[in-house]
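FYI, the numbering for the sequence shown is 589 to 906, going by the numbering used here.
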Amino acid sequence: MAIHGGAGNFTLDDIKDRQDAMRAGLTEALMAGHRVLAAGGTALDAVQAAVVILEDHPEFNAGKGAVFTNAGTNELDSSIMDGQTMTAGAVAGVKHIKNPIRLARLVMEKSPHVLMTGEGAEAFAKEVGGIEFVPESYFRTELRWQQLQRAIAAEKAKQGAALVPHGDDPGGGYFGTVGAVALDRAGNLAAATSTGGLTNKRWGRVGDSPIIGAGTYASNRSCGVSATGTGEYFIRYTVARDICARVEYTSVSAQDAADEVIQKVLTEAGGDGGVIGLDRYGRPLMSFNTTGMNRGYVGPDGNAVVMFTTQDAVPLPR
Ligand code: ASP
């Protein structure tokens, strides 16, 4: 299984105060997914278990730690895809759902649809049941509030910047979205992604995270991918699907396909961010064009490996 906790331009030094908390969260998420898989559970349950932990963790820009919109609200996006059946579920712009990934899973399994938004998605959650609602105040964390204040100040200082998407820290450009990809014993891949989007977003903006093929994709024929970065670019270049399509249609490895799309296509287009994933044999892929991407993987041996930037990168198992 592989996971991420967001990409951005940061160094180990920039995150030194947050690194231990992030390492603990990423390790806990990896081990939660690993336990599901080791017990013979499904890839879908494994990615959901991992993402729920990261959604509940205040360090990450998903669930509890979601960033703020320009209006001072939190609007959450999430998606999940089953690589065996090619079914998928997603929600966008939900404001009262503690774990949006659980609702995305319900959209996949209990409705004929793929993507539901805002009030409609929340009405569906009430109707189906089993989803925890929280007041909007649940999502308020001081770190994210201050990031919004800095983004608004930076925007005022720079005329026209309202139309430029912000990372969640104008200084560090750290995004913080979370995602997971797992391969189970039956050989099925699943991918999941969850986010609060971009700090200071407005007008009902939705990024790539709930868009199947952009921020999330899984197919047993090729690979599973979860993305993080400037969502607009990931949507336009259908990044997750492009990586898996290259694997399916050509003899390229999943890692090389990810590098082609992130280091060439996305970079030349001007997008920032990265992806994690697995090929259909369970080999991890990781690629990012920022200096950092919080990420990790765990194999059948149960040894979790967590990395943050290019500085602490170790070779992936092959
Ligand atoms: N990709 C997310 C979005 O654009 C942001 C992120 O990765 O942190 O909404």
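Where is the CB? At the ideal position from N, CA and C, for every residue including glycine.
Just so it is clear, the structure is predicted and the values come from calculations on it, not from any experiment.
Counting Cβ pairs, one atom from each stretch, are 3 or more of them under 8 Å apart for the stretch 623-637 and the stretch 734-747? In this structure the stretch 623-637 does not touch the stretch 734-747; the number of beta carbon pairs closer than 8 Å is below three.
With three or more C-beta pairs closer than 8 Å as the rule, is the stretch 602-611 touching the stretch 864-878? Touching, no.
Beta-carbon proximity check, residue 691 vs residue 709, cutoff 8 Å: Against a cut-off of 8 Å, the Cβ pair of residue 709 and residue 691 comes out as a contact.
What distance in whole Å lies between the Cβ atoms of residue 859 and residue 821, which are believed to be in contact at a cut-off of 8 Å? About 3 Å separates the two Cβ atoms, so the contact holds.
By Cβ distance below 6 Å, which residues in the same chain neighbour residue 901 in space, the five residues on each side in sequence not counted? Closer than 6 Å at Cβ, skipping near neighbours: 895.
Beta-carbon separation of residue 595 and residue 861 under 8 Å? With respect to residue 861, residue 595 sits close: the two C-beta atoms are nearer than 8 Å.
Reference residue 787; option with closest CA among 734, 839, 842, 617: The shortest C-alpha to C-alpha distance from residue 787 to any of 734, 839, 842, 617 is the one to 734.
Indicate whether the contact test is met: 3 or more Cβ pairs, each with one atom in the stretch 667-676 and one in the stretch 646-659, closer than 8 Å. Taking a contact to require three or more Cβ pairs closer than 8 Å, the stretch 667-676 and the stretch 646-659 do not qualify as touching.
Mapping the DSSP letters down to three states, classify residue 839 as helix, strand or coil. Here residue 839 sits in coil by DSSP.
Closer than 7 Å: residue 598 CB and nearest the ligand ASP heavy atom: Outside the cutoff, so no.
May I ask you to check if the CB of residue 796 is nearer than 7 Å to at least one heavy atom of the ligand MG? No copy of the ligand MG occurs in the structure displayed; its ligands are the ligand ASP alone.
Interface flag, residue 669 vs chain C, CB-CB below 8 Å: Of the protein chains in this structure there is only one, and it is not chain C.
Considering just the uninterrupted stretch of the beta strand (DSSP E) at residue 896, what are its terminal residues? Per DSSP, residue 896 belongs to the beta strand (DSSP E) from 892-897.
Using a Cβ-Cβ cutoff of less than 6 Å, which residues in the same chain neighbour residue 643 once the five nearest sequence positions on both sides are dropped? Sequence-distant partners of residue 643 (beyond 5 residues in either direction) whose C-beta falls short of 6 Å from its own C-beta, in its chain, are 650, 651, 687, 782.
Outcome for residue 825 when other beta-carbon atoms lying within 10 angstroms are tallied against a minimum of 16: Buried.
Beta-carbon spacing of residue 849, residue 827 below 8 Å: Yes, they are a contact pair.
Taking the beta carbon of residue 885 as the centre, do at least 16 other beta carbons fall within 10 Å, making it buried, or is it exposed? Residue 885 should be labelled buried.
For residue 767, list the residues DSSP reports as bridge partners. Answer is 592, 781, bridged to residue 767.
According to the neighbour-count rule (16 or more other Cβ atoms, all chains shown, within 10 Å of its Cβ), is residue 725 buried or exposed? Exposed, by the Cβ-count rule.
Supposed contact pair residue 680 and residue 794 - C-beta distance, whole angstroms, cut 8 Å: Correct: roughly 5 Å between the Cβ atoms.
Taking all protein chains shown into account, do 16 or more other C-beta atoms lie within 10 angstroms of the C-beta of residue 711, making it buried, or fewer, making it exposed? Residue 711 comes out exposed.
With respect to the beta strand (DSSP E) encompassing residue 866, which residues constitute its N-terminal and C-terminal limits? DSSP places residue 866 in the uninterrupted beta strand (DSSP E) bounded by 861-867.
Taking Cβ to Cβ, would you say residue 721 is nearer than 8 Å to residue 684? Here residue 721 is near residue 684, since their CB atoms are less than 8 Å apart.
Buried or exposed: where does residue 604 fall if 16 or more other Cβ atoms within 10 Å of its Cβ makes it buried? Around the C-beta of residue 604, fewer than 16 other C-beta atoms lie within 10 Å, and the residue is accordingly described as exposed.
How long is the line joining the alpha carbons of residue 628 and residue 659, rounded to whole angstroms? Approximately 44 Å between the Cα atoms of the pair.
Nearest-angstrom Cβ-Cβ length linking residue 669 and residue 823, presumed shorter than 8 Å: Residue 669 to residue 823, Cβ: 16 Å. No contact.
Can you determine whether any heavy atom of the ligand ASP sits closer than 7 Å to the C-beta of residue 786, and answer yes or no? Yes - the ligand ASP has a heavy atom lying nearer than 7 Å to the Cβ of residue 786.
May I have the straight-line CA-CA distance separating residue 730 from residue 839, to the nearest angstrom? Taking the straight line from one Cα to the other gives about 48 Å.
Would you say residue 649 touches the ligand ASP, meaning its beta carbon is less than 7 Å from a heavy atom? Yes, Cβ of residue 649 sits closer than 7 Å to a heavy atom of the ligand ASP.
Residue 865 versus residue 728: straight-line alpha-carbon distance, rounded: Cα to Cα, the separation comes out at about 30 Å.
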